[in-house]
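Contents: one structure, followed by commentary.
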Amino acid sequence: YLMLVELSFYLADIILDFQMFWLYQDRQHYWFAAAQGFIILRTIIDLSLNHVVCSYRLLADIWHSFRTNLRTDSVLLLVQSEKTGEAVLSMFLQVYGLFYVTDHTSYWTASLSLILSAGGITYGCYIYFDL
759 YLMLVELSFY LADIILDFQM FWLYQDRQHY WFAAAQGFII LRTIIDLSLN HVVCSYRLLA
819 DIWHSFRTNL RTDSVLLLVQ SEKTGEAVLS MFLQVYGLFY VTDHTSYWTA SLSLILSAGG
879 ITYGCYIYFD L
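The sequence shown lines up with residues 759 to 889 when you count with our numbering.
And the structure:
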């Protein structure tokens with residue numbers, strides 16, 4: 759159950775990152791969109807260099823983590839790289855860019871993304887310093 763919640767937060771953060779990219783593009787904040795795109799690209803490159811993206815071994819480790827409700831090394835690498843790398847950059851951009859989104863839906867989307875990033879950073883630091 760714990761691993762399902764953790765993976766859900768991980769996927770929600772990725773979806774919200776793409777949503778924020780689209781939101782900045784749609785609202786014609788091109789510098790924010792470029793920065794968000796750089797963050798997404800950095801994450802993809804980081805995961806690719808660590809041989810984590812879409813490998814059979816990763817899927818087997820995720821399945822093993824779900825069955826045992828414990829993190830394997832691959833799952834920990836995947837989650838920690840997102841929480842200590844991408845989430846920090848994304849949160850700084852969202853704190854600055856939150857004041858530039860004006861309509862109601864965009865503001866709440868940006869706020870939810872900011873809260874998830876802050877929670878991810880906090881949880882990532884807790885795991886990093888606890889282990």
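From the three backbone atoms N, C-alpha and C, an ideal C-beta is built for every residue, glycine too.
| Query | Result |
| --- | --- |
| Between Tyr884, Ser875 and Ser864, which has its C-alpha nearest Trp780's C-alpha? | Ser864 |
| My understanding is that Ser848 touches Ser875, with C-beta atoms under 8 Å, so please give their C-beta distance in whole angstroms. | 5 Å |
| List the endpoints of the continuous alpha helix (DSSP H) containing Arg829. | Run containing Arg829: none; DSSP gives neither H nor E here. |
| Would Phe819 and Ser806 be called neighbours here (beta carbons separated by less than 7 Å)? | Sequence check: residue 819 is Asp here, not Phe. Going by C-beta atoms, Asp819 is not nearer than 7 Å to Ser806. |
| Beta carbon of Glu764, beta carbon of Ile797: below 7 Å? | no |
| Quick one, which of Val853, Ser871, Ala791 and Val846 has its alpha-carbon nearest Cys883's? | Val846 |
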